[in-house]
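Q: In this note's numbering, the protein residues as written are 68 to 353.
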Ligand code: AMP
């Protein structure tokens with residue numbers, strides 16, 4: 068077995084830039100994996116994605132307060148820095164940037180990056196200000212590290228489209244790579260928030276992936292309209308024990324506008340509540 072090389076832990080932007088510059092000077096490209104920590108196999112797959120493309124993987128760990136609403140789980144969000152560093156090193160990550168809040172936001176921010184259009188629907192109305200917080204912190208992280216590529220999961224599909232749109236519109240000199248969702252063996256999408264689920268909720272949670280698959284098959288075969296298929300699936304989820312279906316819809320894979328009849332690349336995408344846990348997921352229609 069080839070042992071991974073050591074992980075360099077940096078806390079400041081200056082140290083991060085030095086660490087990235089050292090690899091650049093050696094002729095290497097760098098791939099940044101921004102995270103909020105509490106890492107699992109989904110995050111590790113992004114590090115592997117960077118390695119597969121020949122990039123030196125660099126990760127960031129920062130639970131960004133500005134993307135949480137006042138009644139959301141910022142305080143409760145799981146934190147395990149030592150465990151995260153160990154997972155990153157084992158995966159072959161070479162730099163981890165783990166700043167504190169003052170390093171990320173040394174003075175009150177007078178600038179916000181706001182992406183319109185792709186933020187209008189889905190999670191947008193349910194999490195006011197969330198995508199502004201995401202777009203602004205990801206812009207900062209990308210400007211701080213200046214990677215050749217940024218790696219993001221399709222698990223957060225709307226976020227991925229927001230970041231792709233922002234990088235395109237602002238001509239940021241880097242490529243954004245979307246990586247497939249990593250799932251538990253039974254199909255539940257891995258998420259740091261899955262640890263909020265009780266054992267009974269964990270069993271119920273699986274229905275989300277099942278129902279999304281049913282919707283994908285039904286609309287792909289043209290057996291019913293998107294609104295009929297998603298209404299049936301929402302009903303089934305509520306019957307299975309979900310507390311709320313915020314949305315469950317079929318959208319254009321790029322614009323995220325809802326489809327009634329699928330006429331191009333499409334995603335089934337959903338946000339639900341189960342007990343105190345908000346579960347989001349999405350799959351391709353074809
Ligand atoms: P988070 O720390 O949960 O905000 O996620 C950091 C990055 O990991 C984001 O780009 C997520 O989309 C990605 N990610 C989270 N869960 C998964 C998963 N199950 N599979 C693939 N990528 C994921």
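Even glycine gets a Cβ: it sits at the ideal position worked out from N, Cα and C.
Using the C-alpha atoms, what's the distance from residue 136 back to residue 300?
A: Answer to the nearest angstrom: the Cα atoms are 28 Å apart.
Q: For residue 101, which residues does DSSP report across the bridge?
A: The partner list for residue 101 (beta bridge, DSSP) reads 127.
Q: Which of the three DSSP states is assigned to residue 213 in this structure?
A: Looking at residue 213 - three-state DSSP - the assignment turns out to be coil, as it is neither helix nor strand.
Q: Measure from the alpha carbon of residue 179 to the alpha carbon of each residue in 346, 222 and 201, then state which is nearest.
A: It is 201 whose Cα lies nearest to the Cα of residue 179.
Q: Check whether the Cβ of residue 304 lies closer than 7 Å to any heavy atom of ligand 1, and answer yes or no.
A: Because no heavy atom of ligand 1 lies under 7 Å away, the Cβ of residue 304 does not count as near it: no.
Q: Can you tell me whether residue 219 is helix, strand or coil according to DSSP?
A: It is a strand residue.
Q: Taking C-alpha atoms, which residue in 226, 185, 104 and 330 lies nearest to residue 167?
A: When each option's Cα is compared against that of residue 167, the closest is 104.
Q: Could you give the first and the last residue of the continuous beta strand (DSSP E) run that contains residue 81?
A: First-last for residue 81: 80-92, but that is the alpha helix (DSSP H), not the beta strand (DSSP E).
Q: Within a Cβ cutoff of 8 Å, which residues of the same chain sit near residue 87, ignoring the five residues on either side of it in sequence?
A: These residues qualify, in order along the chain: 97, 125, 162, 212, 213 and 214.
Q: Apart from the five residues on each side of it in sequence, which residues of its chain come closer than 6 Å, Cβ to Cβ, to residue 208?
A: Result list for residue 208: 101 and 127, in chain order.
Q: Out of curiosity, what's the CA-to-CA distance linking residue 170 and residue 77?
A: Cα-Cα distance, rounded: 11 Å.
Q: Output the residue ranges of the beta strand (DSSP E) runs that lie fully inside the region 236-271 and measure 3 residues or longer, sorted by chain position.
A: If we require 3 residues or more, the beta strand (DSSP E) runs fully inside the region 236-271 come out as 242-246.
Q: Please state the DSSP three-state secondary structure of residue 75.
A: Note: residue 75 maps to strand in three-state DSSP.
Q: Check the DSSP bridge columns for residue 314 and list the partner residues they point to.
A: Note: residue 314 sits in a beta bridge opposite 338.
Q: Taking residue 250 as the reference, give the member of 90, 83 and 110 with the closest Cα.
A: Closest by alpha carbon: 110.
Q: Please look up how many angstroms separate the CB atoms of residue 323 and residue 189, rounded, as I've assumed it's under 8 Å.
A: That belief holds up - the Cβ atoms of residue 323 and residue 189 are roughly 6 Å apart, short of 8 Å.
Q: With distances taken from each beta carbon to the nearest heavy atom of ligand 1, which residues come in below 6 Å, in chain order?
A: Result: 102, 103, 109, 110, 112, 113, 219, 220, 222, 223, 246, 248, 249, 256, 257, 258 and 259.
Q: Relative to the C-alpha of residue 273, which candidate in 185, 342, 295 and 307 has its C-alpha closest?
A: It is 307 whose Cα lies nearest to the Cα of residue 273.
Q: Starting from the N-terminal side, write out each stretch of the beta strand (DSSP E) that is 3 residues or longer and does not extend beyond the region 156-202.
A: Within the region 156-202, the complete beta strand (DSSP E) runs of at least 3 residues are 162-164.
Q: Distance check for residue 302 and residue 285, CA to CA, integer angstroms please.
A: One C-alpha to the other measures close to 16 Å.
Q: Excluding the 5 residues preceding and the 5 following residue 130 in the sequence, name in chain order all residues of the same chain whose CB lies nearer than 8 Å to its CB.
A: Only 103, 104, 141, 144 and 146 meet the Cβ criterion.
Q: Report the option in 95, 160 and 342 whose CA atom is closest to the CA atom of residue 262.
A: The candidate whose alpha carbon is nearest that of residue 262 is 342.
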